[in-house]
Ligand code: CTP
């Protein structure tokens, strides 16, 4: 929220859905918190709640039409877009999200969303299958990539009688997220994460891979998004699904992952290299399947690109050097090897874990020894989703330290 003495001006967009009635509570919460609120409703929203309800709750006229001569003669839609210091759409239906992602301006709310320069937050609410549909997920990823903030959705019982992810977040929680940007310490930052293994082709049917599941990198992506960041997840072949609101970039080889990272580095604030990148690849991938003939088969391997090390040396030349986080997977001498990697790869923070004998790779839990210049912290053994949150918190702390230096 901008710092001034007057009340924060929040425009609440209400789109169609049974959860529209909860927007009434949101408007009350925002007014209770001292905000000036204007409500804009889509045609679908009016099937569930009347404009009069929102008018009474917001204490201001409610706009429903793009071309309403009377309303336009007061505050026209461009003036309304300028008036808003922040826009929140709650509930945001699948249809509204699709129209916004496409840049359609076919009613007042979608037009305002295009015309505003204010930060926009969406609180989606819909049936869980509609939420999980690839079309909705692609639209959400596009919008988040453009800087839109996502609030929820939550999981649980749905109005349709089913259960799943797609419930509107509770109005009080939406209001809190809108008004306390401290809850989203990475708002406005772009976090680039590598995750999973790489597959290096030997011939058209065989490859050299490794046991990485990608879970840690995917959990880090979700944790960074929870902290408000725009997240790009460059991943190798894994069974993990890219979490909602995150841009996934699927790659297979170290070379492809390297290209995807280097291309995005200049617009990155934090790079976290969690991928288990192959260090060597077959020097020459055969174009035809290798036949079983010779009793011994020798493969000549060559070094792959060290993505993290190259990103670090390129980062040093950028006007805004990203904060760099590396991982160290070690079977022995954890601290010594990790510290050596931190120095040689010139990264700000290294997160070391033991691998081998059922540890780390492919497991649900892990423990990390995090080392930076002049300090270290052990993040104890815990599920990777929690561990990821703890690591993101540490990155936020170290980044703040670097920025106050
Ligand atoms: N890494 C990378 N590109 C590579 C190899 C590693 O970006 N070609 C990154 C990993 O994502 C990790 C860090 O470098 O963040 C360290 O990876 P690790 O496998 O522990 O170490 P290596 O550099 O491969 O060294 P070694 O295999 O000798 O331990």
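In this note's numbering, the protein residues as written are 32 to 436.
Each residue gets a CB set at the ideal place from its N, CA and C atoms; glycine is no exception.
- At least one heavy atom of ligand 1 lies less than 8 angstroms from the C-beta of residue 338.
- Note: residue 354 is bridge-paired with 301 in the DSSP secondary-structure output.
- Counting only residues of its own chain and dropping the five nearest sequence neighbours on each side, residue 199 has a CB closer than 7 angstroms to the CB of 50, 53, 121, 122, 154, 156, 183, 184.
- When secondary structure is reduced to three states using DSSP, residue 107 falls in the coil class, being assigned neither helix nor strand.
- Short of 7 angstroms from the beta carbon of residue 411, and not among the five residues preceding or following it, lie these beta carbons of its own chain, in chain order: 398.
- In the same chain as residue 134, and ignoring 5 residues on each side of it, the C-beta atoms closer than 8 angstroms to its own belong to 145, in chain order.
- Residue 420 places its beta carbon 9 angstroms or farther from that of residue 402.
- Its Cα nearest to that of residue 202, the residue 58 stands out among 79, 223, 58.
- With a cutoff of 9 angstroms on beta-carbon distance, residue 400 and residue 429 are scored as not near each other.
- Placement of the Cβ of residue 345 at a distance of 8 angstroms or more from every heavy atom of ligand 1 is found.
- When secondary structure is reduced to three states using DSSP, residue 85 falls in the helix class.
- In its chain, beyond the 5 residues on either side, 43, 45, 58, 85, 89, 93 have a beta carbon closer than 7 angstroms to the beta carbon of residue 70.
- Counting along the chain, the unbroken beta strand (DSSP E) around residue 186 starts and ends at 185–188.
- Put simply, the region 320–340 does not touch the region 241–259. Fewer than three CB pairs are less than 8 angstroms apart.
- A residue is called buried once 16 or more other Cβ atoms fall within 10 Å of its Cβ, and residue 278 is buried on that count.
- Looking at the backbone, the Cα of residue 289 and that of residue 114 are separated by about 44 angstroms.
- The beta carbon of residue 307 lies closer than 6 angstroms to those of 228, 241, 243 in the same chain, with the five residues before and after it left out.
- Distances from the CB of residue 357 to the heavy atoms of ligand 1 include at least one below 8 angstroms.
- About 5 angstroms separates the beta carbons of residue 262 and residue 255, which is inside the 8 angstroms limit, making them a contact pair.
- Ranked by how close their Cα comes to the Cα of residue 302, the residues 338, 270, 74 have 338 in first place.
- Cβ neighbours of residue 162 within its own chain (closer than 7 angstroms, five residues either side excluded): 155, 184, 196, 197.
- Per the DSSP secondary-structure output, residue 231 pairs in a beta bridge with 239.
- The nearest non-hydrogen atom of ligand 1 is less than 8 angstroms from the C-beta of residue 335.
- The shortest CA-to-CA distance from residue 73 to any of 56, 97, 170 is the one to 97.
- Check the Cα spacing between residue 342 and each of 385, 396, 292, 178: the tightest is with 292.
- Proximity of the beta carbon of residue 310 to ligand 1 is indicated: a heavy atom of the ligand is located closer than 8 angstroms.
- Checking the 8 angstroms criterion, the Cβ of residue 283 is out of range of every heavy atom belonging to ligand 1.
- In the DSSP annotation of this structure, the continuous segment of the beta strand (DSSP E) that includes residue 402 starts and ends at 396–403.
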